[in-house]
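Numbering (my numbering), first residue to last: 6 to 327.
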């Protein structure tokens, strides 16, 4: 419990520091920290101009990790992300050889900015990296730095020039963090802060070893059997064509949440418990995390689109036993 309380205090300080340069979006900040402690990846969704990129860059400054940003564009190729072999010539011997030039993916924190503005082929270049913490190029597999954390921002699909993320890509994200417009009061504070003098510099509060230790500690948080069973039941209720699927999901869902969703729900619950200084996952954690964990994993069918049914509406209908 001493280790848990220490991490919780550091996370509270981190949030306080973040508020010095980033106004509002407290729920989004909490969910990103949950993903960080859980060792998962985060997908930030919202219209342009809400500060998604600023939030990620500020978080990177407070974590003391190596950081790179990729601006996803329609002409971006997989090699632009992963890297590739380049031909070099020794100036003394004249001998030529190939050397692997690492791409921006070789970092500890990666900001994949506007990830859905690039075609699916390039989006898929992240699959192995996010799932297995390694990349394969030219038949050679290379490990990525630890910790490895992808934060991707995406614009809403209704906007021009966006591509839907493949289901396999979406499933690699632990949480889908939705950022909405600020309240008028928060927006006034944000405008005043960002149009005044230079913002305060953010100093790192965690080093690499401390963060890895916090992620290991997160895995040690206890998930009671009843909580695990409820997580599995909630996910199974979204799967059409199965005996456990609820009627509304059977009617409006094309693909339900898979087994990775249940794993993510428990893992995110452990992250939330650690963030709050608790040693066990509760049913309340599942209720709070159901939407960010499942809303990008449940794919609606054409009938849902025709009738104006949203994923959020369906997920809010899932019954909790306790």
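Even glycine gets a Cβ: it sits at the ideal position worked out from N, Cα and C.
- prompt: Which runs of the alpha helix (DSSP H) spanning at least 4 residues fall entirely within the region 59-97, listed in chain order?
  reply: Complete alpha helix (DSSP H) runs here, min 4: 83-87.
- prompt: When you compare only the Cα positions, how much space is there between residue 286 and residue 273?
  reply: The straight-line gap from Cα to Cα measures roughly 9 Å.
message: As an exercise, report each continuous beta strand (DSSP E) stretch of at least 3 residues that is fully enclosed by the region 210-262, in chain order.
response: Runs of the beta strand (DSSP E) inside the region 210-262: 258-260.
7 Å Cβ shell around residue 6 - same chain, five flanking residues per side excluded: Within the same chain, Cβ atoms closer than 7 Å to the Cβ of residue 6 are found at 284, the five residues on either side in sequence being excluded.
- prompt: Can you name, in chain order, every residue of its own chain whose Cβ lies under 8 Å from the Cβ of residue 210, other than the five neighbours on each side?
  reply: So the qualifying residues of the chain are 15, 18, 19, 22, 67, 68, 69.
- prompt: DSSP state of residue 135, grouped into three classes?
  reply: Correct three-state label for residue 135: helix.
field: Selection from 94, 156, 82, 92 that minimises the alpha carbon distance to residue 59
entry: Here the closest residue by C-alpha is 156.
message: So, for residue 118: in the same chain, excluding its five sequence neighbours on each side, which residues have a beta-carbon less than 7 Å away from its beta-carbon?
response: Cβ contact annotation for residue 118 (same chain, cutoff 7 Å, sequence separation greater than five): 58, 74, 75, 76, 77, 158, in chain order.
field: Given residue 46 as reference, the closest of 263, 138, 326 once Cα atoms are compared
entry: Among 263, 138, 326, the Cα nearest to that of residue 46 belongs to 138.
message: Distance check for residue 177 and residue 279, CA to CA, integer angstroms please.
response: Whole-angstrom Cα-Cα distance: 22 Å.
- prompt: DSSP state of residue 47, grouped into three classes?
  reply: Look at residue 47 here: in three-state DSSP terms it is strand.
task: Output yes or no for whether 7 Å exceeds the beta carbon distance between residue 191 and residue 29.
output: Judged by beta-carbon spacing, residue 29 lies within the 7 Å limit of residue 191, meaning their Cβ atoms are closer than that value.
- prompt: Any chance the region 142-155 sits against the region 193-200, with 3 or more Cβ pairs inside 8 Å?
  reply: Three or more beta-carbon pairs separated by less than 8 Å are not found between the region 142-155 and the region 193-200, which leaves the two stretches without contact.
Three-state secondary structure (DSSP) of residue 184: Secondary structure at residue 184: coil, using DSSP grouped into helix, strand and coil.
query: Which one or two residues does DSSP pair with residue 104 in a beta bridge?
result: Its beta-bridge partners are 91.
Nearest-angstrom Cα separation, counted from residue 288 out to residue 227: It is roughly 12 Å from the alpha-carbon of residue 227 to the alpha-carbon of residue 288.
- prompt: Taking the continuous beta strand (DSSP E) assigned at residue 154, which residues delimit it?
  reply: Looking at the DSSP string, the run of the beta strand (DSSP E) that includes residue 154 is 154-159.
- prompt: What are the residues that DSSP puts in a beta bridge with residue 114?
  reply: Under DSSP, the beta-bridge partners assigned to residue 114 are 72, 154.
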